[in-house]
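Protein chains in written order, with my numbering: chain A, 754 to 895; chain B, 209 to 367.
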Amino acid sequence: MAYNILIVDDSSPMRAVIKKIVKASGFNVGQFFEAINGLEAMEVLNHEWIDLVLTDYNMPDMNGLELVEEMNKDDHLKSIPAVMITTEGSRERVEEFMAKGVIDYIKKPFTPEQIKQKLKYIMGETEDEEQRYDNGDEELDF
Amino acid sequence: MKNKDMITAMKNSISDVLETMFFLSLDFSNDIDLLELWNTGKDPIIAAKLSFSGPLSGYAVFCIPKKSALSITADFMGKDEQEISDDQINGTIKEIINMIIGNTFSMYNPDVVFNLGVPELVGFHDVIKDLSDSEKRFSVVIETLENYLAFQMNITNEN
């Protein structure tokens, strides 16, 4: 199955790098969509079929958590897994992410292998719970 | 606030971010007058500023010569330097300070929440102070194979 992925980040280099890593990971992507904040992401979500949202937390206008809260107000959108890619690492913040419906988070800085393992786990392509938190020894050439 | 712990967290965070995501080999330098070096004006300096609040309030500044910023951005994005725009350079530098400061705080104390602002570009002469440390200011000079970079955290309030 090919997945449509929405990447939400106010940094265009970061969007490009995440896209490149996801492509290089061998993850089966149908189409990439991009947004620079939560508001723009909601526009995309309301007009396109999206299977997975990868969102930054700290963005102007509507941050990543506010985006997830907006998605949760909609019966269809709340079923789309949203992953937070963030520099935020405090336990309290991470607990807040999970309590508000974020399915998982990836801490910046990240390695390509960490993204690959997380995506495979989240989309059910691996049953291995340990891989969810594996830093990955395997080199990913991208 | 434990000053030594903060400096250690800053250095570990800088190494983590710049080595993991930007493929830089780096060291920390104490014996160079960076402000004097940069005052020659040979290579413009890009400075990004990020405010934060929480148990500590203040702002951080990251400074980098434009030539190094171009090289880092090209490596980060996997493109040739000729293909890189100023917007992409600026976006990358803002991302670097965002990652360094977020990572610094989670290394310093993962049990408390710091709120980060949105990174902005500023004139480095307007924001960077003397690069020596004080009670309320922590400075790190970073030496890469190509150049020197600087990171400074200024604490304006401790709650």
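We put the CB at the ideal spot given by N, CA and C, even for glycine.
At the level of alpha carbons, what is the spacing between residue 304 (chain B) and residue 771 (chain A)? 15 Å
Can you find at least 3 beta carbon pairs, one from the stretch 762 to 769 of chain A and one from the stretch 805 to 814 of chain A, that sit closer than 8 Å? yes
For residue 810 (chain A), three-class secondary structure by DSSP: coil
Interfacial residues, the stretch 290 to 307 of chain B to chain A, with Cβ spacing under 8 Å: 295, 296, 299, 300, 302, 303, 306 and 307
CB contact below 9 Å: residue 763 (chain A) versus chain B: yes
Please list, in chain order, the chain A residues whose beta carbon lies closer than 8 Å to that of residue 220 (chain B). In chain order: nothing, as chain A lies at least about 12 Å away.
Distance, Cα to Cα, residue 354 (chain B) vs residue 865 (chain A)? 25 Å
Alpha-carbon spacing of residue 788 (chain A) relative to residue 308 (chain B), whole angstroms: 23 Å
Length-filtered (3 minimum) beta strand (DSSP E) runs lying within the stretch 223 to 269 of chain B: 234 to 237 and 253 to 261
Using CA atoms only, rank isn't needed, just tell me which of B:240, B:271 and B:225 is closest to residue 284 (chain B). B:225
Residue 334 (chain B) lies in the alpha helix (DSSP H); which residues open and close that run? 332 to 335
Close-in-space but distant-in-sequence residues of the same chain around residue 813 (chain A) (CB under 8 Å, 5 per side omitted): 763 and 790
Could you list which residues in chain B have their beta carbon closer than 9 Å to that of residue 897 (chain A), in chain order? Lying outside 754 to 895, the shown extent of chain A, residue 897 (chain A) is not represented and no answer is given.
Neighbourhood of residue 253 (chain B) by C-beta distance below 8 Å, restricted to the same chain and skipping five residues each side: 246, 271, 272, 273, 274 and 332
Identify whether residue 876 (chain A) lies in helix, strand or coil by the three-state DSSP scheme. coil
List the whole-angstrom C-beta distance separating residue 357 (chain B) from residue 276 (chain B), where the pair is believed to meet the contact cut-off of C-beta under 8 Å. 7 Å
Counted within 10 angstroms of its Cβ, other Cβ atoms place residue 841 (chain A) as buried (16 or more) or exposed: buried
Test: residue 822 (chain A) CB closer than 9 Å to a CB of chain B: no
Reduced DSSP secondary structure (H/G/I, E/B, other) of residue 353 (chain B): coil
Rounded straight-line distance, which links the Cα of residue 869 (chain A) to that of residue 777 (chain A): 9 Å
Reference residue 816 (chain A); option with closest CA among B:279, B:324 and B:237: B:324
Separation of residue 833 (chain A) from residue 855 (chain A), as counted between CA atoms: 10 Å
Leaving out the 5 sequence neighbours to the left and right, which residues in its chain are closer than 6 Å to residue 237 (chain B) when beta-carbon positions are compared? 349 and 351
Classify residue 364 (chain B) as helix, strand or coil using the three-state DSSP reduction. strand
Measuring only the C-alpha atoms, how far is residue 785 (chain A) from residue 241 (chain B)? 46 Å
What is the rounded straight-line gap between the Cα of residue 828 (chain A) and the Cα of residue 799 (chain A)? 12 Å
Mark residue 360 (chain B) as exposed unless 16 or more other C-beta atoms lie within 10 angstroms of its C-beta, in which case mark it buried. buried
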